[in-house]
Every structure is written in C-alpha cells, then in structure tokens.
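Notes for the one structure printed next.
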Amino acid sequence: MTKDYSISRRETLLGSLGLAAAAGMLVPSTSVFAQQANRWGSSSIGSTGYVIIEALASTVNKHTKLKNSSMATSGGAENMALIGENQMEFCQTTSTDWQPAVNGEKPYGKKIDVNQVLAYTVFNCTPMVRADSPIKTLADLEGKRCMPSPAGSSTAAMWRVLFEAAGIKVNWTYGSWRESYDALRAGAVDCIPSLFTNSRPAPILTELEATTPVRILPIPTDVMKKAQAINPGVVSGELNPNDWKTIDKPMDVASFSGILACHPKMSEEDVYQVCKAIFDNAAEVQSIGKQLKDIDAKFGARYLMTGFKVHKGAAKYFKEKGLWRDELTIAS
464 MTKDYSISRR
474 ETLLGSLGLA
484 AAAGMLVPST
494 SVFAQQANRW
504 GSSSIGSTGY
514 VIIEALASTV
524 NKHTKLKNSS
534 MATSGGAENM
544 ALIGENQMEF
554 CQTTSTDWQP
564 AVNGEKPYGK
574 KIDVNQVLAY
584 TVFNCTPMVR
594 ADSPIKTLAD
604 LEGKRCMPSP
614 AGSSTAAMWR
624 VLFEAAGIKV
634 NWTYGSWRES
644 YDALRAGAVD
654 CIPSLFTNSR
664 PAPILTELEA
674 TTPVRILPIP
684 TDVMKKAQAI
694 NPGVVSGELN
704 PNDWKTIDKP
714 MDVASFSGIL
724 ACHPKMSEED
734 VYQVCKAIFD
744 NAAEVQSIGK
754 QLKDIDAKFG
764 ARYLMTGFKV
774 HKGAAKYFKE
784 KGLWRDELTI
794 AS
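If you read the sequence shown in our numbering, its first letter stands for residue 464, the second for the next number, and so on.
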C-alpha cells in the first residue's frame, strides 16, 4: 500500500539537507524518499485549500504508482513562487495568481513558467465583518484593520486588487485562516474573508458563526469591473440561501476559481494519470468532504482559464472525455 507523506515546508528544507548527507553515506532515508515524491503545495493548515490538496494527492497515491507528498504553505501566491524555484511539482493556485505570476508582476520577481491541470472549485473569499459591526460598505473599511489570511495567499492578493479598485487604504495584518477567524471573534480585527467553496460554507466559518454572527459586505458593480480590469482572475461568484442560511436572498461576492497547477517538466503520462485518478474516482473524492463536491471532469475543464497554458497530459484526458475547449492553449 502506498503511504501518503504529508510534510511541512520546514521538513522539506530539512529533507534537502538530509539528502546530501544520505548520499554521502549511501543510506536511503525518509528524507530521500520525500525528495523523490511529487511535492504538492496546498495552503495554511486547516484551510479549505489545504484539505482539497491533501485529498487530491492522497487519491493519486491510492490509484496510481506515483508518489506524492502534500505540504502546507501560505497559499497560491507562495506556491507559484515555489514552482518558479523548482521546489514544487503540483500546487493549489487560484485564477487571480496567474496573470501576475506568468507576467512576472508583483509579488514575483520573475516570470513563472507553469501549466494548468484542472479546476476543482470556486472560492468565495469576500470581505466579511461581525454582524454587529458599524461597517456597512467597502468604503467604510478605510483605515480599518483587515486580515485577509496569510500574506502569500490568493485571498490576500485578490483583496489588494479589490481595495485598489475601491480606492481605499486599510491597515493590513496577516495570519493563518485560524488566526484570522479567531481575531474577528475576539474583536482584534474589523474584517476577514468569508470562506465558501461555490457557496458552501467551510467548517471554520460554520464554527465561527456558532458564537459570532457575521455579515458579508456588498461589492459594488463598478468596483468589481475595475478589479477585473486589473486582474481578470477576479470573478463574481454567488452565495445563495439554499447553501448558507445566514442570508435570505442570493448575493454576488468577490471570488476566484481554484486551479491545480503543475511544473512544466512533468511528463504527459504522469499528468494524465493524475487527472484520471481524480476524475475517474470523483465520487470517492467528493465523499471526503463538502469542500470537494465540485470534483468532476466537466467542472475541471470548464473553469480552466484561456490565455494560460494547459499541460498536454491534462489536455489529453479532457479530449478523451469530449470536454476540451478549443479556446484553451496546450503547452508545448
């Protein structure tokens, strides 16, 4: 049976040091094995992205001969940087990460060569305050304490775009999703991101609401359009009362799609096997948790982005299933 090796960034770095020592002694070690495995970057521990990537990597371990290890990171932006430094084979990214990464814009110091593999959900990470807060609009956040999860997260990147589009300046502070939610509960910050996957609340949000009622801030249409002009990866998603009972009518919120990325060095066959393992066992993956309910080949192809390369192994799979979109670009 294949074991799923879940390792932290620190352990990965220590493993690199251990590899050199092991090579000198010609003695195999766990660190050596971890270095041979495909490294999957997720997000901060406890986040939805962390759960999703852990589940996908484990599924590939179970249904293929590939070895995969999932590691916690601060999120999509850091994952892109790690792909660029050859420190990652697969990783969670979001639609907002791709334009700055591929073009070498901030926070990246160079252009990142990376391929899309599949889409796995839509994240609704829109600004959220306590229900009893006097803050009613985005404009009211001017000068307020905002904590958009880790600094290297996709949510933080989207919020910077969103607040630039709104023309407001806030006092930024950063932390894990757990720290962000605990801070709002304690009244230490004024605004944090909601956390939904395609309108379904994450467990951490449900837990917060048990003690601290919350409210979503509306996003003006003109602000959303300006944000999309800055970064087309910012999308308007919908929350609906069927999934989240806190609201009484549907509302549009700031969102981005979740996209599994891979290093372009990955072989066509390996990436094909990753797609096949995940989508041919979609029901099994979905049963792991509600964060994975969007795992489906049709969804996986639908939310891939035009203008950014799709790995040829993924293209092969989607073409076999009749789901390939001609407007997408296959990596050479």
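For each residue, glycine too, the CB sits at the ideal point set by N, CA and C.
Between the CA atoms of residue j and residue i - distance to the nearest angstrom
i      : j      : result
Thr792 : Ser718 : 24 Å
Tyr780 : Ile741 : 11 Å
Tyr637 : Asp743 : 38 Å
Ser643 : Glu783 : 43 Å
Thr675 : Ile710 : 15 Å
Gln555 : Lys756 : 17 Å
With 16 other Cβ atoms within 10 Å as the buried cut-off, status of residue i
i      : result
Asn694 : buried
Asp733 : buried
Lys772 : buried
Glu796 : The chain is shown from 464 up to 795; residue 796 falls before or after that span and cannot be answered.
Arg623 : buried
Arg663 : buried
Arg593 : buried
Glu548 : exposed
Gly770 : exposed
Thr684 : exposed
Gln754 : buried
Thr669 : exposed
Arg788 : exposed
Gln499 : exposed
Asp759 : buried
Residue range of the beta strand (DSSP E) that includes residue i
i      : result
Phe719 : 714-725
Met551 : Looking at the DSSP string, Met551 is not in any beta strand (DSSP E), and its letter there is neither H nor E.
Glu517 : No beta strand (DSSP E) contains Glu517, which is instead part of the alpha helix (DSSP H) from 511-526.
Ser532 : 531-535
Reduced DSSP category for residue i - H, G, I as helix; E, B as strand; rest coil
i      : result
Lys784 : coil
Glu790 : coil
Trp707 : coil
Ile655 : strand
Gly700 : strand
Leu671 : helix
Asn634 : strand
Those residues which DSSP pairs with residue i across a bridge
i      : result
Thr660 : Phe586, Arg663
Met591 : Ile655, Ile679
Test: residue i CB closer than 8 Å to a CB of chain D
i      : result
Leu680 : The structure shown has no chain D; it contains just one protein chain.
Residue span of the alpha helix (DSSP H) that contains residue i, given as start and end
i      : result
Asn501 : Not the alpha helix (DSSP H): Asn501 falls in the beta strand (DSSP E), residues 501-504.
Asp761 : The identity of residue 761 in the sequence shown is Lys, whereas the question assumes Asp. It spans 760-765 - the alpha helix (DSSP H) in which Lys761 sits, taken as one unbroken run.
Glu731 : 731-742
Lys688 : 684-693
Tyr565 : Strictly speaking, residue 565 in this sequence is Val, with Tyr absent from that position. It spans 558-566 - the alpha helix (DSSP H) in which Val565 sits, taken as one unbroken run.
Gln749 : 745-749
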